[in-house]
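There are 2 protein chains.
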Amino acid sequence: MDLVRILAVDDHEMTLVGYKYILEATEFKDFRVSLDTATNFDQAVQKIEYSAKSSRYDIILLDIQLSAVMDGPAKTGEDIGIFARKTVPESKIVYMSSFSDNYRINSILKSVNPDGYMVKSDIDEKSLQAMVMTIMDSPPYYTQKALSAIRKKMANDFVLDDNDKKILYNLSIGTRTIDMVGNVDLSLAGIENRKRHLKVLFGVEKQNDQALINEARNKGFL
Amino acid sequence: MDLVRILAVDDHEMTLVGYKYILEATEFKDFRVSLDTATNFDQAVQKIEYSAKSSRYDIILLDIQLSAVMDGPAKTGEDIGIFARKTVPESKIVYMSSFSDNYRINSILKSVNPDGYMVKSDIDEKSLQAMVMTIMDSPPYYTQKALSAIRKKMANDFVLDDNDKKILYNLSIGTRTIDMVGNVDLSLAGIENRKRHLKVLFGVEKQNDQALINEARNKGFL
DNA sequence: AATAAAACCATAGTTATTCTATGGTTTTTA
DNA sequence: TAAAAACCATAGAATAACTATGGTTTTATT
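The listed protein sequences correspond, in order, to chains A and L. Residue 35 in my numbering sits at position 35 of the first sequence, with consecutive numbering throughout. Converting from the second sequence to my numbering requires adding 222 to each position, the first position being numbered 1.
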């Protein structure tokens, strides 16, 4: 009987207990599961680093949001994923995130290209087991909410560059146009032009910013 | 007990018999299935048109490849999908295709944005049933091979415009550079430049065309 | 092996796009 | 109602991509 080794990273201990309880008790067809855990960024990195020298994890489960570490730049599960891809490319990576917004999912899909993505509200005993089986057998595995985010994105035939995305994101969190000059690397006039252009692109010409944000969300860009 | 009405379009009668035999015999939890069929483009369009005036199909299953009709432009399942989206937007559309290549899947995903995509070699009794349930409950539904095509595409962070795609496609079918001038709407020098640019983009600089094609296929563009 | 064709590469000039800078007008906010 | 921000338009600068052209290298053909 093979042993599938899993590392689960989440800052909520109870979540980890849940994963462990379910997965280690499950009798899979060809294997059983042993689940290791980490509750913060440094611990996760350390365990992954160590695994590279001893025996690799088969699957690494990553939460995106990790409680902030004291000072220093925020280290997220996304960073762990990028690190793991470099360090132990053979290990499969699956995100377990409460983010179901397209912006986040798309970002992760590009930066890490994980083997799976589960939106937490979609997770239950059955889907957890299905995920492990699918990942070991024929990835990828996505839960329903992740899939619809992906579908929306695939259906679009236009692409936004970095500046466009930044402008949209800033709009969505209420940044004033004049304050975007600081973080978008365009002149004020440039930003204004882009906004106008974006409204045309999303078919909300002559409407207000809220309409633009709604459409962008609709089409999977936010 | 609700009735779910399905229209299946395929030029292989036997395939339709298979769908019908399985789906109408299945006892779903909340409904049973009645399956109507069409074996060519015109018949499909006509049935869809008629359904718009009477009662809509809940699901339309479409094969992409339909045996060529005499003269006139080739009418494919893709065209039926586009037509159905316009005519009966409430009907869910699922492709049942033997194409598992990314080029085709991506094209369909953009032009029709179907609620499901099944690669035929992935289809069996269980997946057929799962598809119907998922589509009625919470679309989309994709089979494994379709999913991995989608995953590849999502992981790329660059985009090819129409000319790039045409050049890649022509390369893959062995068109000589000098002959591409006819169908790519660029000068010869322009095409050469694009090819060079594409090789840089795909990280196969200074290598031959085959390397480019392989990488493009690898990354989900062919 | 010689010759022709195609592919490859570089350059100059043209064209098209997008940016900035600027200033005026309209709308929103205090 | 006064000030701030957003909106809009235009001229000029900067950039990127295209064409045309011609030379060099590679590949195919006889």
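No residue lacks a Cβ here, since even glycine has one placed at the ideal position from N, Cα and C.
Per DSSP, Lys314 (chain L) is one residue of the beta strand (DSSP E) stretching across 314-319. The Cβ neighbour count for Ser91 (chain A), taken over all protein chains shown within 10 Å, is at least 16; the residue is labelled buried. Contact between Pro114 (chain A) and Gly81 (chain A) holds, with the beta-carbon distance rounding to 6 Å and staying under 8 Å. Contact between the region 127-138 of chain A and the region 22-40 of chain A is established, with three or more Cβ pairs separated by less than 8 Å.
Tyr142, Gln144, Leu147, Ser148, Ile150, Arg151, Lys153, Met154, Ala155, Asn156, Asp157: these are the residues of the region 141-158 of chain A whose beta carbon lies less than 8 Å from some beta carbon of chain L, given in chain order. At a cut-off of 8 Å between C-beta atoms, Lys110 (chain A) counts as an interface residue with respect to chain L. Taking 8 Å as the threshold, the shortest C-beta distance from Ser343 (chain L) to chain A does not fall below it. Asp164 (chain A) is not bridged by DSSP to any residue. The alpha carbon of Thr259 (chain L) has as its nearest neighbour, out of L:Met402, L:Ile281, L:Phe305, L:Ala377, the alpha carbon of L:Ile281. Contact with chain L is absent for Ser54 (chain A), since none of that chain's Cβ atoms lies less than 8 Å from the residue's Cβ.
For Phe83 (chain A), the secondary structure class from DSSP, reduced to helix, strand or coil, is helix.
Contact check for Thr39 (chain A) and Asp10 (chain A): beta-carbon distance about 7 Å, within the 8 Å limit, so the pair qualifies.
A:Arg32 is the residue among A:His12, A:Leu16, A:Glu13, A:Arg32 whose C-alpha sits nearest the C-alpha of Asp2 (chain A). For secondary structure counted as the beta strand (DSSP E) over 3 or more consecutive residues, the region 112-157 of chain A holds these complete runs in sequence order: 116-119.
Note on geometry: alpha-carbon atoms of Ser277 (chain L) and Glu246 (chain L) lie some 19 Å from one another.
If you draw a straight line from the Cα of Ala230 (chain L) to the Cα of Leu257 (chain L), it is about 7 Å long. Here DSSP, grouped into helix, strand and coil, assigns Val381 (chain L) to coil. Ranking A:Val88, A:Pro89, A:Asn183, A:Asn106 by CA distance to the CA of Gly220 (chain A) puts A:Asn106 first. For Asn113 (chain A), the C-beta contacts it makes with chain L under 7 Å involve Ala377, in order along the chain. When secondary structure is reduced to three states using DSSP, Thr259 (chain L) falls in the strand class. For Leu229 (chain L), the enclosing beta strand (DSSP E) stretches over residues 224-231. For Ser138 (chain A), the closest Cβ of chain L is nearer than 8 Å. Boundaries of the alpha helix (DSSP H) harbouring Leu201 (chain A): 188-201, taken from the DSSP string. Straight across, the Cα-Cα distance linking Val334 (chain L) with Asn170 (chain A) is about 31 Å.
Under the three-state reduction of DSSP output, Leu444 (chain L) falls in the coil class, being neither helix nor strand. Inter-segment contact for the region 135-142 of chain A and the region 353-372 of chain L is present: three or more beta-carbon pairs are separated by less than 8 Å. Judged by their CB atoms, Met402 (chain L) and Ala368 (chain L) are not nearer to each other than the 8 Å cut-off. By the 16-neighbour rule on beta-carbons within 10 angstroms, Leu284 (chain L) is buried.
When the five nearest sequence neighbours on each side are left out, the beta carbons in the same chain lying within less than 8 Å of the beta carbon of Leu212 (chain A) are those of Leu168, Leu171, Lys195, Leu198, Lys199, Phe202, Val204, in order along the chain. Less than 8 Å divides the Cβ of Ile286 (chain L) from the Cβ of Ser319 (chain L).
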